[in-house]
Every structure is written in C-alpha cells, then in structure tokens.
Ligand code: HEM
Ligand code: SF4
Ligand code: SF4
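Protein chains in written order, with this note's numbering: chain A, 1 to 540; chain B, 1001 to 1329.
Below, the structure written as structure tokens:
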C-alpha cells in the first residue's frame, strides 16, 4: 500500500465542529486513507500466542473473524466488567454533560463527533447497555442501546485507534471518567478476535523476545551505546564508559529504546551517559531489560505485565540496589501505576538513596524506581553539578509536558527545575495547554506510524499551535520534552505545522550545559551546532 | 428525535396522573400503596447498584493527577490535585462533591485565525452547581412534611431560603435557582449542536421530569394552593404506616406525586446514579502514592513471560562475541 499524501496545513486547519445530519448510530465508519493504522501482522500474533493471526487490513470488507466472534467479545466484556470497577463504573455514570467533549485533541483537530471522549465511550457503552442492563435489553434504542454488529466492531477499531490514551478528558470530567481506561478495554476486546495494529504488535513481539521494541540484539545495543560514547568524546574530549549487563552495579538504568536508536533521542541518551560519568555513578544498562517502554500498555493489561516482568527480574539478577528510569511517557505510566502491583514486591531492592547527595527518595520507597528528573533535579539542588546555561543560548526553549508523566504521575516541577538551570531562555506555552491540561503529540499509544499521518497531524494540531504561538512571541526554536515517543512524533509534527522548531530531551539540554572534568572547550552543542558567540568568534 | 420521545414520555406520565386524580381507587393506589413501592425500589435499587460497583475490585491505582506529585521535600506538592495521603484524598473528593472542582476547569474551543483558542466556559459549572445545591435544599425543606414537630434547623433553612420575603407565600430562593439551573441545562442540551448530538432520550427525560416536579411544586405553592395541612397529614400517615386518602390537595398535587414516584423508581437504573458513583471513581478517590505503597490486585495472575534464561539461551553466542558477560558458558 502506497503512503497517502497528507493534505496541506491550510486544508487541515479548516475544521468544522458541526455534527453530521445523521444520528451517530446511523453514521457509517469510513476508513479514509491516512486516518488508520495497518493491522497487526500474523507473525507477531503467532509469536505472542495471540488469537486469530491472519492477513487482513481494516478497509477490507471481510475481517476474517472467528465464527463466534460476538460471543467472544461479549464474554470478554462480561469478564472485564467484573474485574475492573473503573470500567463498570465508567459504563454506568456518565451523564453526557459534554464537559469532556472538546477536550480531546483528536476532536479539536478533526471535528469528528465520535472523537469526543463521551461519544467514543458511547460506542462501547451502547453495546454494554444492550447486553448487560435491564433497560437496554428491554427498551433498546430508547435506552441508548444497540446490537453488536460487524459495523459496530469496525467502528470500535477505527475510533479506539484514534485515541492516544492521554487522559486529558479525565481531568475535565466531573467524575473523572477516563476514556483511556475505556479505550484500553475496547482494544483488549478487539484483540480477543485478532484485531490489532501492527505498530503496536510488532514492537510488542520484538520486545518480548529481544527486550526492546526495535528488536535490537545484545551486540547491537552495545554498538549503539559505544557509538554514542565516541560521539561524546568527539564533542567534549571526555571518554565515558558504557557499563552493560554489569553485575554488582549499584543502579540499573532503564530507558526507552528510542533513546539509543535514532536522533534526536540519541542526544538525550548521550546526556544521561555524560551525567552519570560526571558524577561517577556506579550504574549499568541492560540488554535484556533494554527497553523501559512498554507497548503492552497499548494492547492489554496482560501484555503490560508480560513485557514489564523483565525489569525487576533483571534488577534481581544483576543484584543492584535500585532502579533509575529515563525520560519516557508511557513507560512511566507503567512504572508508576502498574509495575509494583503486577510484578512486585521489590523486596530484593533497597529504598532508593542517591549515592551522590545522600537524598532518600521517599516517594519511591516501595517500587524502588526513581525518575531521572527527580534524580537530576536533586543533584542540581544539592550543588553537585557545574552548569553553564549560556551554552544553550542559541536555543529558545519551550517545554511539552508528556501526557503520562503529567496526568498519571504529577511530574511537573522537576523537569522545569532542570530546564531553568540548564538554559537562559525558557518560555512556557499557554496555560490551557501545559501541565495537567497538556495536549498530546497526537501519535502516542501506538498511533505514531506513517500510514496514520493525517490523523496524527490533526491530533497534534492543538499542541503544535501552542508551540507556534510561543515561536511567534518569543522566537522559540526548540521544544523540550521528556518522552521518547514525543521525540519522534513531535519532530514530524513540528515539520508539518511549525517548521523551524526542533525537538530535544531535557537531558540533552542539561548535557549541553554540563561542565565536565577534563573537557575541551566546547564550540558546538551535542548536535554539532555552533554555540552562540563561539561561531562569531571563529568568523573574526 | 430523542427530545420528542422524552416529551411524549413525560406527557404520558402527566395524563396518567390526571387519570389517577379522577379515580378514587387509583388515587388510593397512588397515595397509599405507591409511596411504599417507589421508596422500596429506590432504596433497594440504590443499594444494589452500589454493592455491584463495590464488589468489582480495583486492580490498579489509576489516579488522574492534576497537580504536582509529592516527591522531593523542597518541591511543593499540590495536595488537593495530586493527593498522596488519605486526608488529601478526602479534600479532593470534598471539592468534587461540593464544588464540582473538575467541572470548574471547563473551557471551550473555537478555531480563530487558523488556530484553536480556548475560552473560559464556567456556565455549565455555575448552573450545574446552582441546580444541585437548590435540589438539596428543596429536598431538605420537604422534610417539614414528614416530621412533627418541625425541627428548628429545617425551620431556619426555610427562613433563610425565603430571606427576601418576595410575594405571598414567600418565594424561595432555591426554587428560583433550580428553575434557572434546570432551564439552562435543558436549553444547553437542546441548542448546542454537539450536545444535542450526544443526547439520549433518557438525558432529556431526566431534565424534563425534574422540571415537571419543580413546575408542579411551584404551581401548588403560588397558583393552585394545595391544602398543606392535608399534605402534611398524608405524609405523616406514610411515616407512621397509616396512610389516609387525602382531601382537598388538588389535581396538581397528584401530578407532582406521580412525577416524584417515577423519579424514585427510575433513579437506580438511570444515570442519576452518578450520585453514588462519584464516590467510587478510582481516578479521583485514590491517592497518588503508587511508588510509596504497593497496591494489591486480587486477581493478579501469572502470565507467560520471557525469562533471562530463555533470552540468554537464544543470544548467548552473540553476547559472547560482543564481550558481554553470560550466566552459562
Ligand atoms: C452526591 C450528589 C450529586 C453530585 C455530586 C452530582 C454531581 C453532578 C455533576 C458534577 C453533574 C454534571 C454537571 C451538570 O450537568 O450539572 C451532574 C449532572 C446531573 N445531575 Fe447530579 N449530582 C448529584 C446528585 C444528583 C441527584 C440526586 C439528581 C437528581 C435527582 C441529579 C441530577 C442530575 C442531572 C439530571 C444531571 C444532568 C444535567 C444535564 O443533563 O446536563 N444529580 N451531577
Ligand atoms: S465529562 Fe464525564 S460525565 Fe460528562 S460527558 Fe464526559 S465522560 Fe460523561
Ligand atoms: S484519552 Fe485523550 S485521546 Fe483518548 S478520548 Fe481522552 S482526550 Fe481523547
């Protein structure tokens, strides 16, 4: 299938919020090119032992479902209603007040009413009513109930894969109804009959086997890290070591594999390595736990657990004291809200204490994993780092709160503290678009693939426009974030909506400013771009 | 259309109530049997629904955080938006219950000059709150029919509510407020295209039924006065299990009662159960202390994982080639 051309920004921004003439139950779903993702490949499903591996694509008429697909779905629905209070409650108590409706970036960017969180939920809720409530059974459509037909299933697929599980809607709902939770259930149900997307299933299959989503084998991980170490030496004159699978290290460091695979994530990874070298941290990377990220989150609770198990297992095998986690969004949703419950208790680890500052990370005393922003801001606060923020004077920085650290952790101040100490020009975006109200990059939860480009650009539009505003007002040219998915998806998003703004991780910014022992005079940043003032000096 | 279906339903209710008013047997049914039936369904249904929710476990702690977490001691935490202990959770819940905190965040969006612009949209919050608080006050005021002698706090509530002493009998502020609140909610649903699009029959029905109750109540108070002594006798009859058919209460009263009983019977199976559900919502009523305290999942079952041994088994040669340590040579 050839990639479709995404319409021009001028065309995309012509959004109408008027709903169609036909009621939503009677409006058919059209799989328009550029707005959906390829199906999960049979090979990946087989490797993971998941049901109904086959060749099919969403626009196909025949989805090749098992004959009893309806009963599989309904049985799956019943099971989940019994296992999750969240799900049952969210099915029951929505008053359709519409407070969440225009909070979803996909609705803001597309105007499609089924992208309103409340309606996205009704897609599933209507079926719940029909089979699991008395009024729905008796009064059918009058009670907002409808049969589970193949068209309904296709509609689910289309719209549950147009939700990035960002939880923005949940912030605004008076009952905290979280569409991400409902989308998760919807995706689990779809997966029961073999309907998945490839951009989730292939990484999951890779991750299960090789420890990371990209399928990089042990030697490859080592090569990439060493390549980065060489690059660091070129830029700074300092040789940093690459501890890997090291038994007896004090700390296991896990980070999303995007960080050592491609620009601009690699610069962030170089940032970590420089920082750890500078403070003399006794740590190790791992090839087995070579991805803290977890695309299981985008397919089912069971898969989260299957992929996450390696982290504690590896920490135990290597005999570390505690775990440090790098910059990533969805990875932190899992580490913060699921890991301990699923794969704990972490009683073989110790309560985390910074070996450099002696600070005890009380907030991580049970799970025993510390976020790198917590770790680094503590270093700065304790005066353990020498920073020269003027080395970032060529950058006008703004900061994007990634959805999961924002709305599932409340990690707001730590990264800002680092940024303020690492650069001189930091400008926040508009109040309604940051912190707990942050707007998604449009490509999270497995949707960051190329075939889905139009929908990504639509979903990312509200974020992009907030960046555009600070670009015009303050000359912002760099978008900092703390998420590996963001570093990839925001890059395309900026190219499309706000050309001239590039994307970086917070630890890249820090590393630019970090004065290292024995370094040579730096004339460029980690990307090889000349530092302000330095280039002018040379020109003289 | 959904609105029309809801209107028809309310109309049918009104007509049946009129029918009841003119038939002695039926009005006996309405005033002596139905009160108990409706009340039983309401209480029983309410408890059933709560128990059903409560019985479903909370496998994961999925708090939605709307403020700074508790982390390093020098970073100020936001206890009401990201609570990390029970007290803060209670504070957060109280804000939601009494002030509709989350609804207060509401904004609206429009594309202006090729860019989304977020405007403040507190009207829903304001009228929503107005409606709910006045509903609470009105329900409490009704207790005067059921209690003899009337306890002082109900009396003071009524006095405060009628503070401005406009008209005879005094116009209650809560009555004005509830009409304003419900009218706003209803008009909003009818006129905002997006809302009309998502509205089900039951959404209109809820508002129309409540409006019906309020309107008939106001009619009785200000235009077709019902004999309050008889009403009180009837209500006292219910609570003392000696219901007597009322005299001189008027047709409107029958409609009022029919609406109220419909509300009570319908309540437990409707979205109005948000009243109970709001207390149980896991994104709001759990502390964001995930890494401080382990949360247990009662059905946490083992899953198929890929162990280190299996991993090394597959990649041992490559690991050795790359100079990486292995467990088994
Ligand atoms: C603990 C008690 C309650 C709380 C905290 C609560 C809270 C809320 C909130 C936050 C909303 C959404 C905003 C709005 O439309 O106003 C709402 C809607 C609504 N509530 Fe309540 N409520 C409670 C009890 C009740 C009761 C007892 C009734 C009726 C008998 C009721 C009737 C409604 C209706 C009809 C709506 C929908 C309004 C619409 O259609 O837009 N609520 N409630
Ligand atoms: S804000 Fe909550 S209650 Fe209101 S429509 Fe959305 S999900 Fe339903
Ligand atoms: S979780 Fe995010 S993407 Fe999904 S419906 Fe809510 S706001 Fe939209």
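Every residue, glycine too, gets a C-beta built ideally from N, C-alpha and C.
- The criterion of a C-beta distance shorter than 7 Å is not satisfied by residue 1265 (chain B) and residue 1006 (chain B).
- When the alpha-carbon of residue 1013 (chain B) is set against those of B:1210, B:1228, B:1234 and B:1282, the nearest one is in B:1210.
- Taking 7 Å as the CB threshold, residue 241 (chain A) stays off the interface with chain B.
- Listed in chain order, the positions of the region 1202-1213 of chain B with a beta carbon within less than 9 Å of a beta carbon of chain A are 1202, 1203 and 1206.
- In this structure, residue 141 (chain A) and residue 29 (chain A) do not form a Cβ contact; the two beta carbons are roughly 19 Å apart against a cut-off of 8 Å.
- Closer than 7 Å to the CB of residue 1149 (chain B) there is not a single CB belonging to chain A.
- With contacts defined by Cβ atoms closer than 7 Å, residue 1086 (chain B) and residue 1208 (chain B) do not form a contacting pair.
- In the structure shown, the three-state DSSP call for residue 400 (chain A) is strand.
- Contacts with chain B at 7 Å (Cβ-Cβ) include residue 305 (chain A).
- Per the coordinates, the alpha-carbon of residue 1214 (chain B) lies some 22 Å from the alpha-carbon of residue 1041 (chain B).
- For residue 480 (chain A), the pairing in a beta bridge is given by DSSP as A:399 and A:504.
- Residues of the region 86-100 of chain A with a C-beta less than 9 Å from any C-beta of chain B: 86, 87, 88, 89, 90, 92, 93, 94, 95, 96, 97, 98 and 99, listed in chain order.
- Residue burial is scored here from C-beta neighbours: residue 486 (chain A) has at least 16 other C-beta atoms within 10 angstroms and is therefore classed as buried.
- DSSP places residue 1119 (chain B) in the strand class (E or B) of the three-state scheme.
- In the DSSP annotation of this structure, the continuous segment of the beta strand (DSSP E) that includes residue 254 (chain A) starts and ends at 251-254.
- One finds 84, 86, 301, 337, 338, 341 and 342 in chain A with Cβ atoms closer than 9 Å to the Cβ of residue 1060 (chain B), taken in chain order.
- Exclusion of residue 21 (chain A) from the 6 Å shell around ligand 3 follows from its C-beta lying no nearer than that to any non-hydrogen atom of the ligand.
- The DSSP-derived three-state label of residue 1022 (chain B) is coil.
- Contact of residue 309 (chain A) with chain B is assigned, a C-beta pair being separated by under 7 Å.
- Judged by DSSP in its simplified three-state form, residue 371 (chain A) adopts strand.
- For the pair residue 352 (chain A) and residue 332 (chain A), the CB atoms are not nearer than the 7 Å cut-off.
- For residue 1161 (chain B), the enclosing alpha helix (DSSP H) starts and ends at 1152-1161.
- Considered as a whole, the region 1033-1057 of chain B harbours 1034-1055 as its complete alpha helix (DSSP H) runs of no fewer than 4 residues, in chain order.
- Setting aside the 5 residues that flank it on each side, residue 390 (chain A) is surrounded in the same chain by 424, each with a C-beta closer than 7 Å to its C-beta; the list follows chain order.
- Secondary structure note for residue 183 (chain A): it is in no beta strand (DSSP E), and the uninterrupted alpha helix (DSSP H) holding it is 179-192.
- When C-beta atoms of the region 304-316 of chain A are compared with those of the region 259-277 of chain A, fewer than three pairs fall below 8 Å, so the two segments do not count as touching.
- Inter-residue distance for residue 1286 (chain B) and residue 150 (chain A) is about 37 Å (C-alpha atoms, whole angstroms).
- Remark: C-beta atoms of residue 11 (chain A) and residue 1068 (chain B) do not approach each other more closely than 7 Å.
- Boundaries of the alpha helix (DSSP H) harbouring residue 422 (chain A): 413-422, taken from the DSSP string.
- The closest heavy atom of ligand 2 lies less than 6 Å from the beta carbon of residue 177 (chain A).
- DSSP links residue 530 (chain A) through a beta bridge to A:524.
- Rounded to whole angstroms, the gap between the alpha carbons of residue 1273 (chain B) and residue 1050 (chain B) is 9 Å.
- Scanning its chain for C-beta atoms nearer than 6 Å, with the 5 sequence neighbours on each side dropped, one finds around residue 1079 (chain B) the residues 1088, in chain order.
- In the structure shown, residue 1107 (chain B) falls within a strand segment according to DSSP collapsed to helix, strand and coil.
- In terms of side-chain proximity, the C-beta atom of residue 117 (chain A) is found nearer than 6 Å to a non-hydrogen atom of ligand 3.
- Under the DSSP definition of a beta bridge, residue 39 (chain A) partners with A:197.
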